Amino acid sequence: MSASNLITIPQPRLEIAGPDLWRIVASVAGTEVFFESRVPLSPRPEVLVCTFLLPAMSLHANLEVSGPLDAGFLENLAFVRKRAKEWWPELSAGEVRAPVTAAAPPGPDSGVFYTGGVDSSYVLQQLHPRLRYAVFVEGFDIPLEDVDRLRRARESLGATTAECGVEFVVVRTNLRAHPLFKLVRWGTNHIGALAAIAHALGSHVHTMYVAASDVPPPWGSAPDLDAAWSSESVRIENFSAELSRLQRVASIARWERLRGRLRVCLALKTRELNCGTCEKCIRTRMQLFVTGAPHGLDSFRTGPSLRSAIGSLYSVSHEVEGQWREVAAALRDRRLLKQVERALAGREQPLWRRGLRRLRRVATRTLGEVTRPRTTAEQTRQ
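The opening position of the sequence shown corresponds to residue 2 in this note's numbering, with each subsequent residue numbered one higher.
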């Protein structure tokens, strides 16, 4: 390796940030990154290597790691690099140089990364008798500064895991704000980020389950690629890849422990867990509809009716087209089927219809303001 194309990965340090609050901290490429939790963390170099390998490859750079890594982990990384170059030709280099050490003892338990979405809820439903931990990462899909939304997510997720007898663990990180990490899109590097959390929990877990994705390659998650982020002591296992998203939805559609707590929305448009109107919300509502849960497990409390919502969807991305075609094949409602076929074809609605829907939304919001009970402060101002 030449010095000109090296990114140095330091040995992360462990700090006690407060009562029962452990924090892993390191400075990488001039910017500090941290991971913290009320569960004791392990400052293993794998945490940073998983995080920054693909971003380094985006700069055609290699990694020089100060801390030791086990031989199995280094061998696995060779597969990650090979697959990354095949799927994303703009990535190159990524050779990892580090002292080699014996593997750390594996932790005693297993866990799942849990967001409250369809896929991770299916894993929790199927595996909870043998899981010790359900791990939610703050700072991944909900920004750290969105304090209220994070609080409500913790309450909802913690209630579901408690009913399953699984310990709810929160890990906080500023990783997604790191300039180097942001060089690679989330859809490409999200499993590397999750694997970093798994290694940080390495003294507790021998296996962390990752919910399988329905997104076709090139995508950051696939069974063999997910497994390649493992070390000899911490295994990353992709679960339920043999099932389609609709099959997983069918399994959780009548799961009472999830009622009112399914969380799929990434739009951050509302105080509720789901906005009900973004593409992912509409897609999930349709999947629940065709699998026998027409009210969406009571988890979509805002937004228009399903028929109106699907009418506002003009197209779908290639990444989720397969899921929409699966919905179309299961639909028996001809009007809804026509709307789904229109979205799949990428045909926008006529201008007059879009204008009418926009007017209806404005009228609905205005009526809501008129009929909304006034707060005490508003009454006082009057």
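Even for Gly, the Cβ is constructed at its ideal location relative to N, Cα and C. Just so it is clear, the structure is predicted and the values come from calculations on it, not from any experiment.
Item to complete: Would you give the residue range spanned by the alpha helix (DSSP H) that Arg-150 belongs to?
Response: As a position in the sequence shown, residue 150 is number 149, starting the count at 1. Start and end: 148 to 164.
Worksheet item: Roughly how far, in whole angstroms, is the beta-carbon of Ser-245 from the beta-carbon of Asp-120, given that I think they are within contact range, below 8 Å?
Response: For the purposes of this step, residue 245 is identified with residue 244 of the sequence shown, where counting begins at 1. For the purposes of this step, residue 120 is identified with residue 119 of the sequence shown, where counting begins at 1. That belief does not hold up - the Cβ atoms of Ser-245 and Asp-120 are roughly 11 Å apart, past 8 Å.
Worksheet entry | alpha helix (DSSP H) segments (min. 4 residues) lying fully within the stretch 302 to 326 | 307 to 312
Practice prompt. Buried or exposed for Ile-10, please, with buried defined as at least 16 other CB atoms from any protein chain shown within 10 angstroms of its CB.
Written response: Indexing the sequence shown from 1 puts residue 10 at position 9. Buried.
Worksheet item: Is it a yes or a no for the stretch 83 to 98 touching the stretch 231 to 249, going by three-plus beta-carbon pairs under 8 Å?
Response: no
Practice prompt. May I ask which residues mark the beginning and end of the alpha helix (DSSP H) holding Ala-1?
Written response: Since the first residue shown for the chain is 2 and the last is 383, residue 1 is missing from the structure and cannot be characterised.
Discussion item. On a Cα-Cα basis, can you pick out the residue from Arg-39, Asn-6, Val-34 that is closest to Ala-18?
Written reply: Counting from 1 along the sequence shown, the entry for residue 18 is found at position 17. With distances taken between Cα atoms, Ala-18 lies closest to Arg-39.
Item to complete: Output yes or no for whether 8 Å exceeds the beta carbon distance between Pro-13 and Leu-49.
Response: Start at 1 with the first residue of the sequence shown, and residue 13 comes out as number 12. Start at 1 with the first residue of the sequence shown, and residue 49 comes out as number 48. Yes, the Cβ-Cβ distance between Pro-13 and Leu-49 is below 8 Å.
Discussion item. Can you tell me whether Met-2 is helix, strand or coil according to DSSP?
Written reply: Working through the sequence shown from its first residue, we reach residue 2 at position 1. Because the pLDDT at Met-2 is just 46, under 50, the model does not fix this residue reliably, and the value given afterwards should be weighed accordingly. If DSSP states are grouped into helix, strand and coil, Met-2 belongs with coil.
Worksheet item: Among the residues of its own chain, which have a CB less than 6 Å from the CB of Phe-169, if the five just before and after it don't count?
Response: Taking the sequence shown and counting its residues from 1, one reaches residue 169 at position 168. Only Ala-135, Gly-159, Thr-162 meet the Cβ criterion.
Discussion item. Among the candidates Gly-140, Leu-195, Gly-166, Ala-105, whose CA atom is the shortest distance from the CA of Arg-173?
Written reply: Here residue 173 refers to the residue found at position 172 of the sequence shown. Looking at the Cα atoms, Gly-140 is the closest of the given residues.
Item to complete: Give a yes or no on whether 8 Å exceeds the smallest Cβ distance from Thr-174 to chain C.
Response: Chain labels in this structure do not include chain C; a single protein chain is all it has.
Worksheet item: Could you give the C-beta distance for Val-138 and Ile-198, rounded to a whole number, given that I count them as a contact under 8 Å?
Response: Counting from 1 along the sequence shown, the entry for residue 138 is found at position 137. Counting from 1 along the sequence shown, the entry for residue 198 is found at position 197. That belief holds up - the Cβ atoms of Val-138 and Ile-198 are roughly 6 Å apart, short of 8 Å.
Discussion item. If you reduce the DSSP assignment to three classes, tell me which class Ile-10 lands in.
Written reply: The residue you call residue 10 lines up with position 9 of the sequence shown. Strand, per DSSP.
Practice prompt. Could you check if Thr-32 is buried or exposed, using at least 16 other CB atoms within 10 Å of its CB as the buried criterion?
Written response: Numbered from 1 along the sequence shown, position 31 holds the residue referred to as residue 32. It counts as exposed.
Worksheet entry | Beta-carbon spacing of Cys-279, Phe-301 below 8 Å | In the sequence shown, residue 279 corresponds to position 278, counting from 1. In the sequence shown, residue 301 corresponds to position 300, counting from 1. No.
Discussion item. Please state the DSSP three-state secondary structure of Gly-188.
Written reply: As a position in the sequence shown, residue 188 is number 187, starting the count at 1. Helix, per DSSP.
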